[in-house]
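According to mature numbering (1 follows the signal peptide of the UniProt record, and there is no 0), the stretch in the sequence shown is residues -22 to -1, 1 to 633, in order.
We treat Cβ as the ideally placed atom computed from N, Cα and C, and that holds for glycine.
No experiment lies behind these values; they were computed from the predicted model shown.
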Amino acid sequence: MGGNCVGALLALLVMLIAHSGGDCPPPEEIEHGHIITSLVSYPSGTSVEYGCASGYTASNETLLLTCEDSDAWDQGWPTCQRVSCGMPTPIPFAEVNTTGIRFEDNATYACLSGFEADSSKGGLTRVCQEDGLWSGADPECIAIECDAVPTVLHANYTPFKSTYHYPELVSFICDDGYQLDLNTEGVSKVRCEADGTWNLDALECTRVNCPQGDSPENMDADESFYFYGDVREYRCKDGYYIASGDSSRSCQADAVSCMSPRNTDTVEVITKQDKFLYTDQVEFACISGYEHESGDLKRTCQADKRWSGDSPQCKGIVCGEPPTGSGVVRLDNDFRYPKQVTFTCGVGYRKVSGSTFRVSQANGTWSGDPLICTRILCSEPAKVMYAVMNTTSSEFNFGDVIQYECIEGFVWDEQSGDLTRTCETDRQFSGSPPKCTKIECGDPGTYPGTYKLGNSFKYGDRVNYTCANGYQQASSVKWSIVQCGADGNWNGTLPDCTRISCVDPGEVENAYKNGSDHLFEDRVQYVCFEGYYIETGLDTITCTSIGQWNFPRPICQEVPEAPPLADLGPPDPPTESAGSEIVGVMGLGIVIVTASCVVLLDLATIKQQVQYLVRNIKDGRTNCIVYSFKEFLDERKKHTVPNTPLIGDSNASVD
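Given below as structure tokens:
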């Protein structure tokens, strides 16, 4: 009976352990986020969901945490970071500067010189919105419109249009008989400037001036100036007459001369005069920002009305190579004046300051300031519970690679995320945070003769074994403990439980002994020889969990001769107790079942009377009512059991 109680208690303890489990600590508040699921307690298996504020998004893969069996959350607290809008769209003829590319950062466009924002399009300032898009529409920079082309007397220009924009050119051509002061060929190109004006530089068409020439001999001198269309009259001195030729000549538009040299985009005519006649010289020079490449800078008007030598050619001076700092990419390699060179930040870099476009200047320098780019910084990667990173750095640049490693006893859940992550151009780390879960050793099993306490089989968990009721360890240790190791194997020694043994109960005089095993729950039966009966004890004894037999060995006593009834006196009349009939075993009563008779006696009945009843039951000399066993059971159902056992020196039967 005692062994069964111990077993029940152990089984109950196993059930309590199987159903026990602590709570996870309350989830923490996170910056720019809030807890959606708020509970009073957080037992194992409970999930908590976080939400990010407007304009923020999860930097982790998930905003859901789950309380594990180990009373810890399955991963680190989630973090919310500002939504990224990406780099703003580049537009032609404009530079863009940003304070960042995340929620509430600004992007400001600036049109290049000679261009202005189109008011019908998007604004020049845009804000990164909570939906990850830049506010407004892309702006547009259009060329500045110039004022109306100024009128130049005695000149026309081409092409003729209603409007002109930077940096368009118009060519002025003087009327017949007129020439430009700045271009003796009669053509001048004027540019629409970045400020919307025309730089005419006092452009003027003047009448062609015919040279006076020498007066013929015996002719009056004439000091007058003659212009296109004027007529010169010749007069001979007194006493002379015109022998040949004309007495008058008209100043023509095409006076005999060499073609007037003209300015070009790179060459300037230095010698300024109305007309270049035979033997006249003209001198050229390269304009600012250009240097002589070929041809002649001095030329002479020849008799064939052609200029000597070749036309001069000037090429832009070469500016020094513009500096390119770390992360800056130069898209052009022509550094001659007035070339424009485009710069951009390389992959993984973003603009800090400086100019995206720079133009080589006439003085050999570059316009604007050097573009400065800095490496893109990623937000600090999420910390992963039960894992370490391969770096202690607090700054993560584009291209930096981090690696997670699960700590001892934990293993990467391949479905959860990535052990290797790279800082990318969107200032985020690639992939998602991994999850490290406890290594599982599996159920260590149950072994014969043992009780197992513990139902969690992960790294660090312990399972206790003890010997079951009726078993004992070979050593003095009561409990054996195995622990799940980092390698997924159980460490420790299982108990060596063997069945408790009882000493040999020995032989009983005048009886046979059946059963030679003496271990827990083994039974030994004694059978009295014929003519003997069990006086005390039971015929079968059992080895108990405490190593003792549950009852002493029986004693087989020889059956004595029954004394005459006269010696016993008349039989006692049947008795009742408290008016109730006696059915079954009452109090400390003894049930004697012999053949088909059931006799109920209390312990006060004398031994001699019991023997007497046994020997003489069939002679009708007892006050016993004979029942079959089935009849006894049926009769038992009809009667109530008295509350008070029989006492005294009497016997009783069922009437």
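Under three-state DSSP, which class holds residue i?
| i | result |
| --- | --- |
| phenylalanine 374 | strand |
| serine 631 | Only weak support exists for where serine 631 lies, its pLDDT of 40 falling under 50; the value from the coordinates is given anyway. Serine 631 falls in the coil class under three-state DSSP. |
| valine 455 | coil |
| cysteine 236 | coil |
| methionine 363 | coil |
| arginine 277 | strand |
| lysine 283 | coil |
| lysine 167 | strand |
| alanine 133 | strand |
| residue 660 | The requested residue 660 does not occur in the structure, where the chain is confined to residues -22 to 633. |
| asparagine 75 | strand |
| arginine 213 | coil |
| phenylalanine 313 | coil |
| tryptophan 176 | strand |
| glutamine 339 | coil |
| glutamate 7 | coil |
| asparagine 492 | strand |
| phenylalanine 407 | strand |
| valine 61 | coil |
| glycine 294 | strand |
| phenylalanine 254 | coil |
| glutamine 393 | coil |
| serine 523 | coil |
| cysteine 323 | strand |
| asparagine 368 | coil |
| phenylalanine 435 | coil |
| glutamate 123 | strand |
| tyrosine 382 | strand |
| glycine 305 | coil |
| cysteine 152 | strand |
| leucine 497 | strand |
| tyrosine 144 | coil |
Restricting to Cα atoms, I'd like to know which of the options is closest to residue i.
| i | options | result |
| --- | --- | --- |
| glycine 303 | Tyr315, Ser331, Val455 | Ser331 |
| glycine 273 | Pro290, Tyr144, Arg284 | Pro290 |
| tyrosine 511 | Gln535, Asp482, Ile295, Lys361 | Gln535 |
| serine 410 | Thr400, Ile417, Phe81 | Thr400 |
| residue 662 | Arg353, Cys323, Tyr256 | The chain is shown from -22 up to 633; residue 662 falls before or after that span and cannot be answered. |
| leucine 275 | Val486, Val247, Pro530, Arg80 | Val247 |
| leucine 397 | Ile265, Ile385, Arg405 | Ile385 |
| aspartate 208 | Cys188, Tyr218, Ser222, Met197 | Cys188 |
| threonine 77 | Phe507, Lys329, Ser338, Thr403 | Lys329 |
| valine 186 | Cys229, Tyr219, Tyr212 | Cys229 |
| serine 266 | Arg314, Ser91, Gly432, Arg308 | Arg314 |
| aspartate 47 | Val306, Met363, Ser434, Thr40 | Ser434 |
If contacts are defined as beta-carbon pairs under 8 Å, then residue i and residue j qualify, I think. What distance do you get, rounded to the angstrom?
| i | j | result |
| --- | --- | --- |
| threonine 428 | cysteine 462 | Contact flag wrong, Cβ pair sits at about 18 Å. |
| valine 366 | glutamate 392 | With 8 Å as the limit, valine 366 and glutamate 392 do not qualify as a contact, their Cβ atoms being about 18 Å apart. |
| phenylalanine 93 | isoleucine 69 | Rounded, the Cβ-Cβ distance is 10 Å, inconsistent with contact. |
| glutamate 211 | serine 222 | Glutamate 211 to serine 222, Cβ: 16 Å. No contact. |
Using only the alpha-carbon positions, how far apart do residue i and residue j sit?
| i | j | result |
| --- | --- | --- |
| cysteine 414 | isoleucine 8 | 22 Å |
| alanine 36 | glycine 346 | 40 Å |
| tyrosine 490 | threonine 514 | 16 Å |
| cysteine 521 | glutamine 451 | 18 Å |
| leucine 516 | valine 505 | 10 Å |
| asparagine 134 | alanine 126 | 14 Å |
| serine 408 | valine 245 | 58 Å |
| aspartate 465 | glutamate 418 | 9 Å |
| serine 235 | aspartate 282 | 9 Å |
| glutamate 146 | threonine 129 | 17 Å |
| serine 62 | serine 16 | 29 Å |
| asparagine 528 | aspartate 421 | 37 Å |
| threonine 352 | phenylalanine 388 | 38 Å |
| alanine 88 | phenylalanine 374 | 31 Å |
| isoleucine 533 | valine 481 | 18 Å |
| tyrosine 449 | lysine 436 | 29 Å |
| lysine 250 | leucine 349 | 44 Å |
| arginine 440 | cysteine 2 | 20 Å |
| glutamate 195 | glycine 217 | 13 Å |
| residue 640 | arginine 60 | Because residue 640 is not part of the residues shown, which for the chain are -22 to 633, the question remains open. |
| alanine 263 | aspartate 243 | 12 Å |
| leucine 42 | serine 25 | 7 Å |
| leucine 431 | tyrosine 425 | 12 Å |
| leucine 90 | glycine 326 | 26 Å |
Three or more C-beta pairs closer than 8 Å, one from the segment 133 to 152 and one from the segment 102 to 112: is that the case here?
-> no
At a cut of 8 Å, does the segment 166 to 180 reach the segment 109 to 116 through at least three beta carbon pairs?
-> No, the segment 166 to 180 does not touch the segment 109 to 116.
Is it a yes or a no for the segment 5 to 20 touching the segment 36 to 56, going by three-plus beta-carbon pairs under 8 Å?
-> yes
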